[in-house]
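Here the structure comes first, spelled out in structure tokens, and everything after it is commentary.
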Amino acid sequence: MKTALRYFAVVGGAVVSILLFLLASASDNSGFFDRYYGWLLGLNAAVAAALLLLVVVSLFRLYSRYKAGRFGSKLMTRLVLLFAAIGVLPGLVIFLVSVQFVSHSIESWFNVPVEEALESGINLSRAGLDRAVGELNATAGRTAQELAERPFGSERAILAALVKSEAGMQNAIIVDADGGLVVSARASRGGNLSADLPTRAMMATVKKDGRYGAPEGGNELRSDLVAVPATPVEPLNQLRLRVLLPVPDPVQPNGTHLAPRYLQLLQLAPAQLAADGETIRRAYADYKERFDARVGLRKMYIVTLTLTLLLAVFGAIAAAFLIASDLAQPLLLLAEGTRAVAEGDLSPRPIVATSDELGTLTQSFNTMTRQLSDARSAVERNRAALQNAKAHLESVLANMSAGVMVLDQEFHLISCNDSVERILQQAGVTMIGQQLDAIDGLHEFGAAIVAAFAAQNAQSAAGRNPARLHWQRQIEVPRPAPAGVDDSDLTLLTRGSRLPVEGGSGYLVVFDDISDVISAQRSIAWGEVARRLAHEIKNPLTPIQLSAERMQMKLEAKLLPPDAELLNKGTATIVNQVAAMKRMVDDFRDYAKTPPAVLEALDLNALIDEILHLYISGEGNDIIHPHLAPGLPRVMGDPTQLRQVIHNLLQNAQDAMADLPDGAPQPRIDVITEAIHYQGADGGSRTAVRLAISDNGSGFAPKILARAFEPYVTSKARGTGLGLAMVKKIIEEHGGRIDIQNHVDRSGASVLILLLKLASASHNS
């Protein structure tokens, strides 16, 4: 606002200078004022409106500060009123006096004696011209009489003598009735004689009145007092007198009459008379012009004075605002700084560049706020460090695979990390604030934790293991879930310890889902069992089979037909069962001792296409539908083992659709390959290959789904349950991942295999 006032003061000064220049120009030239009066009035109105707007805005801002009770507003109000009164009151007095002075002065310029004197001068000049015309007319009369008395042919000599004898005579000519030249005599050879001939109007006047005489030339004084501006190229002594009268026509000796003739004399008016008349005429014309423009001149002066008053008033008010602002600025800065410090803003305040006490005070205030800012910055840095540490701890807890729970003294859940929700399949928001053993689905888990802490308290009270601050226990938690989702019991390895919390002590519980570890342990145990069974059972099977076949061979011919038939049937049963046991032992041996994978670069699509030819060429050619992505990257794998994996999964899919009820959808198996792009742990881009075998069969039973990759877990009437276990073992040796799931929106299941090891460029070549 302060800067705007300074700029506007400069612009206002320029506008005032322009208007004063226009005023000076208009006072000398009323025509200029008449032409641009509208522009001047509009400019005055615009400047006045701008001044009024600025003053109103300034007053409104000051009023708002005053009503808001801002510090320093009362002082600014008093200063503004004081300086405004100092500037406005003298301005009003000067304005009123100037208006009265201008009004009376302009009227006094146009009084009656001046006008009468100018009119008398005009009349006097006209009388002098009329007298000169009369004298020239008398000369013309005498000359005309002489022309009438002298014989015909002497006209040129008479006219030449007249021009030579009369001072100022320009020429003397005789014209006919139509104004045509008959005889002429000139004082000099210069000039245009045709221009001096009388006009038709002059001829008509002389024929009617018998004579014509009048002044003419550059700026003659006319009877109507209308001033004709002088031609710049004509000097003032070019005012001429013209006299035209008929020449008497005496009767000739032969009794005939001459044609009518007219004498015209052109003589220069006296130089002094012409100069005096022109001076009086110009003075009178200027007087009349100013007399007619006196009202507009008065308006112009009053408007200019009004504008000057407005600018003076604005200057006083603007100066009041500027001076008040300069005086109150240090106090306002200190008040704003105090309020800012109270609100927490410790930024430096603008320093008042003065050498007095107020400038020193603002500098001291800035020094104080700078020290407070440094102290707060240190506190903020410490708080930010604590926040970062807390955020880091929360990030660590959020990304831990183990579930972490904080309980209060009454085992209400205070907080937990994301792994708790993932492992327990419970929403953390719904569990917060509830007692752990009162949460749906966690009754056994909560009761086990309460019992574990109670046992720890009992041991501490009994003095047993007083240095042990935590307990560890394996807890089975039932996990009911909808169909298609693993709903087996969770096996949680749980650890607990006491933890100080706000308002007392609490408990910290950390647990891991070791269901997969237990499953792996079962697989290892079954592998050991299979190895021992293969070793212990296979040895007696061959003697049993040989003994049965020998008995059949030795006794068949010695027995009666019924007994021989019974022998053959029993022997066949023994041989078949021994063969079945041998196959089972071979499966045990293969599972327990799978040969290591020999990895090489191979085209997975080509391998699948080779295998599918065996199936599509048979009866199931309308069941299997391959969807192999083109341009699939080559993977590192063992062709023999991967071929076994694909055969096993396709056979399982066909078996799952063998018992579909009537009215079920058409059996369908989809074999899909695609490239998966993901971000590695180092942030780089990675690519993997996924193989999906999907069917629309009956899907996996919930109990089977939870333990499908464990040995000897199967829902088939025939089978050992080693197929998926061997598939998982092969995929894991290839560095891949395998997962099974039932379809949610339709019947059937899918097996998803992700191969992470891709062939390098050298292998591809």
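Residue numbers for the sequence shown follow UniProt numbering, beginning at 1 and rising by one.
Glycine included, C-beta positions come from ideal geometry on N, C-alpha and C.
Here the structure is a predicted model, which means the values were calculated and not measured.
Query, Result
"Let me know the alpha helix (DSSP H) ranges lying completely inside the segment 122-200, each 4 residues or longer, listed in chain order.", "155-165, 193-196"
"Have a look at R376, V99, L397, V578 and flag the residue whose alpha-carbon is nearest the alpha-carbon of Q545.", "V578"
"Could you tell me which residues DSSP pairs with E476 in its beta bridges?", "T491"
"Counting Cβ pairs closer than 8 Å, one from the segment 273-287 and one from the segment 59-73, do we hit at least three?", "no"
"Just mark L604 as buried or exposed, buried being the case when its beta carbon has 16 or more other beta carbons within 10 Å.", "buried"
"Do the CB positions of residue 767 and I623 come within less than 8 Å of each other?", "Missing from the structure shown is residue 767; the chain here goes from 1 to 765 and no further."
"Pull up the distance between the alpha-carbon of S165 and that of L159, whole angstroms please.", "10 Å"
"Name the DSSP bridge partner or partners of S698?", "BP columns for S698 are empty, so no partner."
"Going by the CB atoms, is the gap between L266 and A140 shorter than 8 Å?", "no"
"By Cβ distance below 7 Å, which residues in the same chain neighbour L221 in space, the five residues on each side in sequence not counted?", "Below a pLDDT of 50, predicted positions are generally treated as unreliable, and L221, at 46, falls in that range; the measurement from the model is reported next regardless. Around L221: I122, S125, R126, L129, G277, R281."
"Are V80 and L305 close, meaning C-beta to C-beta below 8 Å?", "no"
"Quick one, are the C-beta atoms of A629 and A759 less than 8 Å apart?", "no"
"Go ahead and pull the three-state DSSP assignment for S395.", "helix"
"Can you name the start and end residues of the alpha helix (DSSP H) that Q641 belongs to?", "639-656"
"Applying the 10 Å Cβ sphere with the 16-neighbour rule, what's the burial state of F60?", "exposed"
"State the start and end residues of the unbroken beta strand (DSSP E) segment that holds R261.", "261-268"
"Give every residue of the same chain whose Cβ lies closer than 6 Å to the Cβ of F431, excluding the five residues on either side of it in the sequence, and list them in chain order.", "The sequence shown places Met at residue 431, not Phe. The residues are L413, I439."
"Excluding sequence positions up to five away, which residues of its chain have a Cβ less than 6 Å from the Cβ of E733?", "A597"
"So, using beta-carbon positions, are V689 and L632 closer together than 8 Å?", "yes"
"Figure out for me which residue from A448, W471, G446 has the closest Cα to the Cα of Q456.", "W471"
"May I ask which residues mark the beginning and end of the alpha helix (DSSP H) holding S419?", "418-424"
"A467 to S497, Cα distance in whole Å?", "Below a pLDDT of 50, predicted positions are generally treated as unreliable, and A467, at 46, falls in that range; the measurement from the model is reported next regardless. Taking the straight line from one Cα to the other gives about 12 Å."
"Go through its chain and collect everything with a Cβ distance to D512's Cβ below 6 Å, but skip five positions before and after it.", "A402, L493"
"Enumerate in chain order the residues of its own chain whose CB-to-CB distance from C416 is below 8 Å, with the five nearest sequence positions on each side excluded.", "G403, V404, M405, V406, G428, M431, I432"
"To the nearest angstrom, how far is it from the Cα of T338 to the Cα of L332?", "10 Å"
"Below 7 Å CB to CB, which residues in the same chain sit around Q641 once its five sequence neighbours on both sides are set aside?", "A597, I730"
"Keeping to the same chain, check which residues put their C-beta closer than 6 Å to that of A324; ignore five residues upstream and five downstream.", "M76, L79, V80"
"For L334, does the count of other Cβ atoms within 10 angstroms reach 16, so buried, or fall short, so exposed?", "buried"
"What residue range does the alpha helix (DSSP H) around L607 cover?", "604-616"
"Which first and last residues belong to the alpha helix (DSSP H) in which E733 is found?", "723-733"
"Take the Cβ of T143 as the centre, count every other Cβ of all protein chains shown within 10 Å, and call the residue buried at 16 or more, exposed below.", "buried"
"Take P330 as the anchor and find which of V313, A340, V510, F365 has the nearest alpha-carbon.", "F365"
"From the DSSP output, in three-state form, read off M405 for me.", "strand"
"Output yes or no for whether 8 Å exceeds the beta carbon distance between V635 and L752.", "no"
"Report the option in K558, L346, R156 whose CA atom is closest to the CA atom of S373.", "L346"
"Report the partner residues of W471 according to the DSSP bridge assignment.", "G496"
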